[in-house]
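The opening residue of the sequence shown carries number 1 in the UniProt record's numbering; numbering runs sequentially from there.
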Amino acid sequence: MYEQSINDPVPFWTPIAKQFHWEEPWTTLHASNFDRNAGPVSIKWFDGAKTNICYNCLDRHVLNGHGDRVAFFWFGNEPADARTVTYSQMLERVQRFANVLKALGIKKGDTVAIYMPMIVDLVVAMLACARIGAPHSIIFGGFSAEALSERIMDARSSVLVTADGAFRGTKFIDLKSIADTAMEKCKTRGFEVTHCVVSLNSGDKAPHSVNMVQGRDQFFHELEATAELECPALWVDAEDILFLLYTSGSTGRPKGVVHTHGGYMVWTATTFKYTFDYHPSDVYFCTADIGWITGHSYIAYGPLLNCATSVMFEGIPTYPEADRYWAIVEKYKVNSFYTAPTAIRSLQRFGEEMPKRHDLSSLRVLGSVGEPINPEAWIWYHDVIGNKRASVVDTYWQTETGGHVITPLPGCTPMKPGSASLPMFGIVPAILDKAGEELSGKAEGYLVIKQSWPGQMRTVFGNHERFELTYFSQFSGAYCTGDGAHRDEHGYSWITGRTDDVITVSGHRMGTAELESAMTTHPDVAESAIVGVPHEIKGEGIHAYVITNPGVETDVSKEKELKMHIRQEIGAFATPDVIHFTSGLPKTRSGKIMRRILRKIAHYEEDSLGDISTLADPSVVQELIDSRPKLQ
Ligand code: WTA
Numbered sequence: 001m002y003e004q005s006i007n008d009p010v011p012f013w014t015p016i017a018k019q020f021h022w023e024e025p026w027t028t029l030h031a032s033n034f035d036r037n038a039g040p041v042s043i044k045w046f047d048g049a050k051t052n053i054c055y056n057c058l059d060r061h062v063l064n065g066h067g068d069r070v071a072f073f074w075f076g077n078e079p080a081d082a083r084t085v086t087y088s089q090m091l092e093r094v095q096r097f098a099n100v101l102k103a104l105g106i107k108k109g110d111t112v113a114i115y116m117p118m119i120v121d122l123v124v125a126m127l128a129c130a131r132i133g134a135p136h137s138i139i140f141g142g143f144s145a146e147a148l149s150e151r152i153m154d155a156r157s158s159v160l161v162t163a164d165g166a167f168r169g170t171k172f173i174d175l176k177s178i179a180d181t182a183m184e185k186c187k188t189r190g191f192e193v194t195h196c197v198v199s200l201n202s203g204d205k206a207p208h209s210v211n212m213v214q215g216r217d218q219f220f221h222e223l224e225a226t227a228e229l230e231c232p233a234l235w236v237d238a239e240d241i242l243f244l245l246y247t248s249g250s251t252g253r254p255k256g257v258v259h260t261h262g263g264y265m266v267w268t269a270t271t272f273k274y275t276f277d278y279h280p281s282d283v284y285f286c287t288a289d290i291g292w293i294t295g296h297s298y299i300a301y302g303p304l305l306n307c308a309t310s311v312m313f314e315g316i317p318t319y320p321e322a323d324r325y326w327a328i329v330e331k332y333k334v335n336s337f338y339t340a341p342t343a344i345r346s347l348q349r350f351g352e353e354m355p356k357r358h359d360l361s362s363l364r365v366l367g368s369v370g371e372p373i374n375p376e377a378w379i380w381y382h383d384v385i386g387n388k389r390a391s392v393v394d395t396y397w398q399t400e401t402g403g404h405v406i407t408p409l410p411g412c413t414p415m416k417p418g419s420a421s422l423p424m425f426g427i428v429p430a431i432l433d434k435a436g437e438e439l440s441g442k443a444e445g446y447l448v449i450k451q452s453w454p455g456q457m458r459t460v461f462g463n464h465e466r467f468e469l470t471y472f473s474q475f476s477g478a479y480c481t482g483d484g485a486h487r488d489e490h491g492y493s494w495i496t497g498r499t500d501d502v503i504t505v506s507g508h509r510m511g512t513a514e515l516e517s518a519m520t521t522h523p524d525v526a527e528s529a530i531v532g533v534p535h536e537i538k539g540e541g542i543h544a545y546v547i548t549n550p551g552v553e554t555d556v557s558k559e560k561e562l563k564m565h566i567r568q569e570i571g572a573f574a575t576p577d578v579i580h581f582t583s584g585l586p587k588t589r590s591g592k593i594m595r596r597i598l599r600k601i602a603h604y605e606e607d608s609l610g611d612i613s614t615l616a617d618p619s620v621v622q623e624l625i626d627s628r629p630k631l632q
């Protein structure tokens with residue numbers, strides 16, 4: 001299948017795509033240009049076709065007689081909170097909520113901001129947007145008011161769908177207050193969110209009642225209850241925008257990655273089916289948050305397109321105890337389980353006793369995503385969770401790729417712990433050297449993809465030039481992933497990590513430039529440089545070098561204050577692990593910060609600093625080594 005997919009894409013993709021409903025057929029299956037010298041970069045799949053991904057996720061299955069199949073086994077933060085939603089119930093709710101959005105003035109092409117916890121209303125809201133051709137822009141519930149407001153304003157979303165709050169373990173996350181602050185910030189910056197829809201998730205359990213602003217805020221359930229039941233799916237062009245999702249790059253503000261109805265549909269459905277070897281009646285459980293791409297593609301769209309039954313989990317893996325995932329696997333007899341290496345490593349710390357409490361024999365496929373998985377964690381996952389029987393699929397992909405691009409297929413690809421192995425159908429990866437020359441055989445270098453695939457991002461929202469510069473300028477004619485890879489003698493890929501200034505902390509991707517600009521908005525900070533450091537559990541941690549303004553006391557309380565500042569600017573997940581006060585940074589004579597040196601010092605690798613003679617002031621290196629905070 002792989003050979004055909006790359007040599008002969010039309011006969012490969014045609015029968016796969018025909019499993020979906022297209023109101024009108026495509027005129028061209030695929031056309032793309034990756035070469036900026038030959039004109040604008042453009043990517044099109046199923047061009048000319050009319051379809052709707054929401055129709056394909058819901059109506060198609062209900063019409064085929066699968067309305068009673070369970071779409072989600074939803075499990076709350078408290079183990080007593082469990083609910084089941086079928087495909088026909090989803091269809092009914094989505095139609096009503098689509099009518100709600102229309103009544104709030106949302107039309108095709110208007111973006112809707114969604115800031116919610118892991119509850120079924122979130123999926124209802126996103127599918128309702130898709131149904132009426134309104135791109136959704138989901139903002140992870142861990143983002144701060146500042147980050148939320150920036151994303152609302154960038155996408156100019158006049159409607160925000162949120163919830164009163166959510167418990168994560170015993171901790172209450174006051175989503176509505178954060179959303180209120182974000183909406184205020186938008187207003188003072190000249191943009192108004194006219195409607196805010198609030199899902200009542202925590203209700204009486206919340207520490208205080210929810211603040212509702214008259215004329216702007218309305219409850220989700222009230223609007224839904226009075227909305228018309230029917231709302232036929234709008235037929236949109238295959239290349240119309242389905243959603244935007246903000247992600248970090250090496251420079252500038254986060255960018256809105258754009259995916260479309262047609263190609264993303266075919267890609268997420270196909271990769272879900274093959275990577276997890278999904279069969280009807282299987283139960284699938286992905287622990288990601290829908291606020292990130294993994295949740296978009298592999299909790300919402302991929303599974304629903306396959307009429308799959310999934311577990312959707314609101315809580316955290318350690319509440320009430322560190323066996324929560326394993327209890328869920330046992331309760332629902334989960335066959336495929338998908339999580340991040342960070343989660344595996346942190347649960348590994350609790351020992352084998354936790355998984356041994358439960359019958360995990362239903363598990364057949366174990367997925368990993370978000371960062372390289374170290375062989376120790378891989379082996380524990382395979383041996384202890386999978387009882388040496390389940391296949392481990394180490395799926396390499398990105399927000400930009402829409403779905404898996406390098407991954408083993410269970411039962412088919414021989415596994416090697418730590419390697420994402422071989423390319424997915426239609427993916428032609430290559431390893432290039434710095435000069436852009438393609439390396440053959442065993443090699444290490446920059447990972448690029450040479451031809452387009454259906455799930456590829458189409459543009460950066462509102463900034464096509466940035467799209468071209470970010471992904472198609474470093475190496476002409478190829479999509480640049482930003483990752484390094486090593487290819488072994490069997491053609492297996494081993495992802496070595498980012499080659500740019502992006503770091504992945506607990507699977508959350510962030511740009512160092514973004515963190516630095518957040519740090520320098522603090523009035524006491526003159527300059528900051530941030531690098532990733534290896535972290536036992538989180539994969540990477542954040543080491544922040546900070547130069548304060550003259551006269552500022554650099555003590556423990558300032559350290560705490562700066563950490564708190566980052567939480568407020570971005571979110572708790574971006575809190576630096578180390579604040580390293582210094583009076584200078586290693587710069588070249590032209591003023592460029594030498595990050596290589598900062599990384600070496602933060603990594604305790606000063607023995608291999610390399611050449612420091614080009615520094616404007618080499619003495620700064622010793623100061624940085626001496627002032628390095630003790631590791632906790
Ligand atoms: C990293 C998450 C190694 C990689 C789906 C990529 C991985 C970035 C793997 C994208 C893996 C993701 N092995 N590294 N299996 N999966 N990555 O956009 O650096 O949040 O570029 O998408 O995560 O992160 P993003």
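C-beta atoms are modelled at their ideal positions from N, C-alpha and C, and glycine is treated no differently.
A quick note: this is a predicted structure, and the numbers were derived from the prediction, not measured.
Roughly how many angstroms lie between the CA atoms of residue i and residue j, to the nearest whole one?
i           : j      : result
ASN52       : HIS261 : 6 angstroms
GLY403      : ALA518 : 30 angstroms
residue 637 : GLY462 : Here the chain has residues from 1 to 632 only, and residue 637 is not among them.
residue 633 : ILE173 : One cannot answer for residue 633 here, as it falls past the ends of the chain, which runs 1 to 632.
SER557      : GLU514 : 23 angstroms
PRO254      : TYR55  : 31 angstroms
TRP22       : LYS50  : 6 angstroms
residue 659 : PHE276 : No answer is possible for residue 659: it lies beyond the span of the chain, which begins at 1 and ends at 632.
HIS208      : THR162 : 17 angstroms
GLY571      : GLY142 : 6 angstroms
LYS108      : TRP235 : 10 angstroms
TYR471      : LEU91  : 37 angstroms
GLY203      : GLU222 : 14 angstroms
PRO534      : THR520 : 24 angstroms
SER452      : ALA113 : 29 angstroms
HIS486      : GLU444 : 4 angstroms
THR86       : THR342 : 32 angstroms
PHE72       : PHE425 : 28 angstroms
ASN211      : MET116 : 16 angstroms
THR413      : VAL405 : 14 angstroms
VAL393      : SER608 : 35 angstroms
Check the DSSP bridge columns for residue i and list the partner residues they point to.
i           : result
TRP494      : HIS486
TRP74       : ARG83, MET312
SER421      : SER493
GLU24       : LYS50
TYR246      : GLY256
TRP45       : HIS30
TYR396      : ILE406
GLN218      : VAL197
residue 636 : Nothing about residue 636 can be reported from this structure: the residues present for the chain run from 1 to 632 only.
residue 661 : Residue 661 lies beyond the stretch modelled for the chain, which goes from 1 to 632, so this question has no answer here.
Alpha carbons only, please: which of the options is nearest the one belonging to residue i?
i      : options                        : result
HIS508 : VAL369, TRP453, ILE547, PRO454 : VAL369
TRP380 : GLY411, SER362, GLY418, CYS412 : GLY418
ARG168 : ILE316, GLY252, ASP154         : ILE316
ALA227 : VAL258, ASP483, LEU101         : LEU101
HIS490 : ALA225, GLY539, LYS416         : LYS416
ILE138 : GLU605, PHE581, THR247, LEU422 : THR247
ASP154 : ASP555, THR111, GLU376         : THR111
ASP164 : LYS187, GLY133, LEU122         : LEU122
ALA327 : ASP359, LEU58, SER310          : ASP359
Taking residue i and residue j to be in contact with their CB atoms under 8 angstroms, please state how far apart those CB atoms are, rounded to whole angstroms.
i           : j      : result
LEU160      : VAL120 : Their Cβ separation, rounded to whole angstroms, is 19 angstroms, which puts LEU160 and VAL120 out of contact at 8 angstroms.
ILE612      : SER583 : With 8 angstroms as the limit, ILE612 and SER583 do not qualify as a contact, their Cβ atoms being about 17 angstroms apart.
residue 711 : LEU244 : This structure gives no information on residue 711, because the portion of the chain shown stretches from 1 to 632.
Any Cβ of chain C within less than 8 angstroms of the Cβ of residue i?
i      : result
PRO417 : This model lacks chain C altogether, as it is built from one protein chain only.
*Are the region 33-40 and the region 69-85 touching, with three or more C-beta to C-beta distances below 8 angstroms?*
no
*Is there contact between the region 89-107 and the region 226-241, where contact requires at least three CB pairs shorter than 8 angstroms?*
yes
*Check whether the region 234-241 touches the region 42-59, taking contact to mean three or more Cβ pairs, one atom from each stretch, closer than 8 angstroms.*
yes
*Below 8 angstroms, can you find three or more Cβ-Cβ pairs linking the region 330-337 to the region 278-294?*
yes
*asked:* Any contact between the region 395-413 and the region 446-465? By contact I mean 3 or more CB pairs, one from each, below 8 angstroms.
replied: yes
*Tell me, please, whether the region 358-368 touches the region 381-389 by the rule of three or more beta-carbon pairs shorter than 8 angstroms.*
yes
*Per the contact definition of three or more C-beta pairs closer than 8 angstroms, is the region 551-566 in contact with the region 594-613?*
no
*Per the contact definition of three or more C-beta pairs closer than 8 angstroms, is the region 476-489 in contact with the region 445-455?*
yes
_Measuring CB atoms only, is the region 180-188 touching the region 136-156, in the sense that at least three cross pairs come out at less than 8 angstroms?_
yes
_Contact between the region 317-331 and the region 293-304 (3+ Cβ pairs under 8 angstroms)_ = no
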